[in-house]
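Below is one structure, written out as structure tokens; comments come after it.
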Amino acid sequence: MEKNDVNNKFHLAVITSHPIQYQAPFFREIAKYPEIDLKVFFCSDWGLKLYKDSGFGQEIKWDILLLDGYNFEFLPNKSPFPNVSRFWGLINPQIIRKIKEENFDAVWVHGWSSFTNLLTVLTAYAKGVPVLLRGESNLLHFTNSPVKNWLKEKILKMLFKKISAFLAIGKYNSEFYESYGVPKEKIYLVPYTVDNDFFFSKAQALLPKKNELKKKFNIPVDLPVILFSGKFISKKNPMDLLSAYVEVEKKTKAALVFVGDGVLRNEMEAFARENQLQYVYFMGFRNQSELPEFYAMSDVFVLPSEFEPWGLVVNEAMCFNLPIIVSDKVGAGGDLLRDGENGFVYPSGNVRELVVILSKLLSNPELIKKMGRCSADIIKYWSYNEGVKGILKYYEQYKKLKH
Numbered sequence: 059m060e061k062n063d064v065n066n067k068f069h070l071a072v073i074t075s076h077p078i079q080y081q082a083p084f085f086r087e088i089a090k091y092p093e094i095d096l097k098v099f100f101c102s103d104w105g106l107k108l109y110k111d112s113g114f115g116q117e118i119k120w121d122i123l124l125l126d127g128y129n130f131e132f133l134p135n136k137s138p139f140p141n142v143s144r145f146w147g148l149i150n151p152q153i154i155r156k157i158k159e160e161n162f163d164a165v166w167v168h169g170w171s172s173f174t175n176l177l178t179v180l181t182a183y184a185k186g187v188p189v190l191l192r193g194e195s196n197l198l199h200f201t202n203s204p205v206k207n208w209l210k211e212k213i214l215k216m217l218f219k220k221i222s223a224f225l226a227i228g229k230y231n232s233e234f235y236e237s238y239g240v241p242k243e244k245i246y247l248v249p250y251t252v253d254n255d256f257f258f259s260k261a262q263a264l265l266p267k268k269n270e271l272k273k274k275f276n277i278p279v280d281l282p283v284i285l286f287s288g289k290f291i292s293k294k295n296p297m298d299l300l301s302a303y304v305e306v307e308k309k310t311k312a313a314l315v316f317v318g319d320g321v322l323r324n325e326m327e328a329f330a331r332e333n334q335l336q337y338v339y340f341m342g343f344r345n346q347s348e349l350p351e352f353y354a355m356s357d358v359f360v361l362p363s364e365f366e367p368w369g370l371v372v373n374e375a376m377c378f379n380l381p382i383i384v385s386d387k388v389g390a391g392g393d394l395l396r397d398g399e400n401g402f403v404y405p406s407g408n409v410r411e412l413v414v415i416l417s418k419l420l421s422n423p424e425l426i427k428k429m430g431r432c433s434a435d436i437i438k439y440w441s442y443n444e445g446v447k448g449i450l451k452y453y454e455q456y457k458k459l460k461h
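For the sequence shown, the positions run 59 to 461 when this note's numbering is used.
What follows is the structure in structure tokens.
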């Protein structure tokens with residue numbers, strides 16, 4: 059693609075809740091492209107300082123750069139109950155003036171779960187500015203309430219009529235939009251990704267030190283390591299993995315490492331004690347810069363969630379040559395997991411099937427290596443570069459329509 063003249067750039071505004079550790083590197087990557095003039099509007103400064111994360115059950119502050127390398131602005135939040143996770147927690151009326159006064163070619167909105175996001179869509183639509191929508195929803199999860207389902211369908215169909223393009227994070231997300239009548243030609247793949255370059259570089263440096271890392275955390279070097287990374291909350295379902303491990307460990311000795319924290323931690327630790335699980339390790343919350351050591355010393359990664367729109371820890375683990383085991387409720391499985399090639403998918407809640415899969419892998423070191431290499435090959439092509447390609451593909455279509 060030919061580079062555009064400085065006066066012929068794609069002026070793109072992004073409206074998102076707050077600086078997020080997974081989004082910041084992607085924004086930096088987009089900003090490198092001379093075709094795109096990017097400006098990110100944050101509705102809150104949540105995450106820049108020490109804050110209480112309800113999922114992890116403790117105060118955290120990310121240790122990576124969240125604001126470097128791209129143009130941004132914080133919008134005043136007028137909500138009387140500020141909260142990035144609640145609809146009325148983000149009320150940023152200044153976005154109206156920004157859209158009206160600044161000459162954006164398109165406005166990219168992250169989801170529809172806040173007042174400001176809907177205000178942005180309506181303002182841009184009224185001004186004739188194309189709206190790009192990027193959300194996480196898929197068809198893997200349903201509410202049992204017919205009223206809620208009916209109301210959701212009505213609201214989303216009205217909202218989607220005002221959207222010019224849908225930036226799908228993966229296969230299941232794309233299918234979700236199509237189920238609401240969105241034509242395929244309006245859907246552009248902008249995959250959910252992590253900073254592959256960072257994790258691949260860490261893998262290259264740390265994988266040769268696998269045994270040293272095990273010793274550092276007092277794990278016997280001869281034991282294969284099963285890894286879980288995430289919040290200890292019910293929807294992540296870590297108890298299923300613990301229950302499966304009890305059965306696996308009877309036949310195959312292995313270590314089980316939990317990285318993270320949350321409301322289920324006491325229950326999980328009590329379960330491990332009651333079942334005399336000697337090689338279960340609770341490592342607590344670990345920041346972004348610390349995670350690579352745990353991936354590097356592990357042999358298998360498991361995400362047993364009963365609700366997981368994506369699961370970016372899967373991306374991270376694959377950069378470290380790890381076979382992946384996920385439940386069928388994990389969104390990343392639709393794109394990143396080739397069942398039987400780089401891991402396995404099992405029915406959510408089926409502990410018996412999880413036991414069978416873990417036993418099969420742990421008893422076959424060569425299969426672990428083979429599947430791990432396949433994981434690394436797959437994730438190479440699920441990158442920020444692919445995401446920018448999706449945005450530029452929309453831009454090419456935008457230019458055709460404009461002229």
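C-beta: ideal position from N, C-alpha, C; glycine also.
- Distances from the CA of Y91 to each of S75, Q79, H69, Y80 were compared; the closest alpha carbon is that of H69.
- The residues T74, in chain order, have a CB closer than 7 Å to that of Q81 in the same chain once the five nearest residues on each side in sequence are set aside.
- For N129, the enclosing beta strand (DSSP E) begins and ends at 129–132.
- Taking the Cα positions, K418 is about 15 Å away from L380.
- Residue environment analysis places E93 among the buried positions, since at least 16 neighbouring C-beta atoms fall within 10 angstroms of its C-beta.
- Around the beta carbon of I449, 16 or more other beta carbons sit within 10 angstroms, so the residue counts as buried.
- For E236, the closest C-alpha among the options N196, T201, K274 is that of N196.
- Measuring C-alpha to C-alpha distances from F99 to each of W166, L459, P296 identifies W166 as the nearest.
- Listed in chain order, the non-local C-beta contacts of F329 below 6 Å within the same chain comprise L300, local neighbours out to five positions each way being set aside.
- Excluding sequence positions up to five before and after D298, its CB lies within less than 6 Å of the CB of P362, V409, all in the same chain and listed in chain order.
- Partner residues in the beta bridge of K97, as assigned by DSSP, are A71, N129.
- The beta carbons of A354 and L265 sit closer together than 8 Å.
- Using a Cβ distance threshold of 8 Å, P134 and G105 do not count as a contacting pair.
- Pairing L370 with A390, the inter-Cα distance amounts to about 8 Å.
- The alpha-carbon of E243 is positioned some 35 Å away from that of V360.
- The three-state secondary structure of R331, taken from DSSP, is helix.
- In the DSSP assignment, D397 forms a beta bridge with G401.
- By the Cβ neighbour-count rule, Y439 is exposed, with fewer than 16 other Cβ atoms within 10 Å of its own.
- When K97, E211, Y250 are compared, the shortest CA-CA separation from I157 is found for K97.
- In the three-state scheme derived from DSSP, where H, G and I count as helix and E and B as strand, E194 is classed as coil.
- Following the DSSP letters along the chain, one finds W170 in no beta strand (DSSP E), marked with neither H nor E.
- Under DSSP, E366 shares a beta bridge with V388.
- Put simply, the backbone Cα of V306 is about 22 Å away from that of G318.
- Taking all protein chains shown into account, K215 has fewer than 16 neighbouring C-beta atoms within 10 Å of its C-beta and is therefore exposed.
- For V283, the secondary structure class from DSSP, reduced to helix, strand or coil, is strand.
- Counting every other CB atom within 10 Å of its CB across the protein chains shown gives W368 a total of 16 or more, marking it as buried.
- Counting the other Cβ atoms within 10 Å of the Cβ of T201 gives fewer than 16, which makes it exposed.
- The stretch 444–459 makes no contact with the stretch 330–340: fewer than 3 CB pairs, one atom from each, lie closer than 8 Å.
- Of the residues assessed, H168 falls on the buried side of the cut-off, its CB having 16 or more other CB atoms within 10 angstroms.
- Collapsing the DSSP output to three states places A226 in a strand.
- Under DSSP, A313 shares a beta bridge with V283.
- If you compare the alpha carbons of K107, V279, L394, A261 with that of N269, the shortest gap goes to V279.
- Taking all protein chains in view, the Cβ of A184 is surrounded by fewer than 16 other Cβ atoms within 10 Å, so the residue is classified as exposed.
- At a Cβ-Cβ threshold of 8 Å, S356 and V283 count as neighbours.
- Judged by DSSP in its simplified three-state form, I88 adopts helix.
- Separation of N207 and F234 (C-alpha to C-alpha, rounded to the nearest whole angstrom) is 14 Å.
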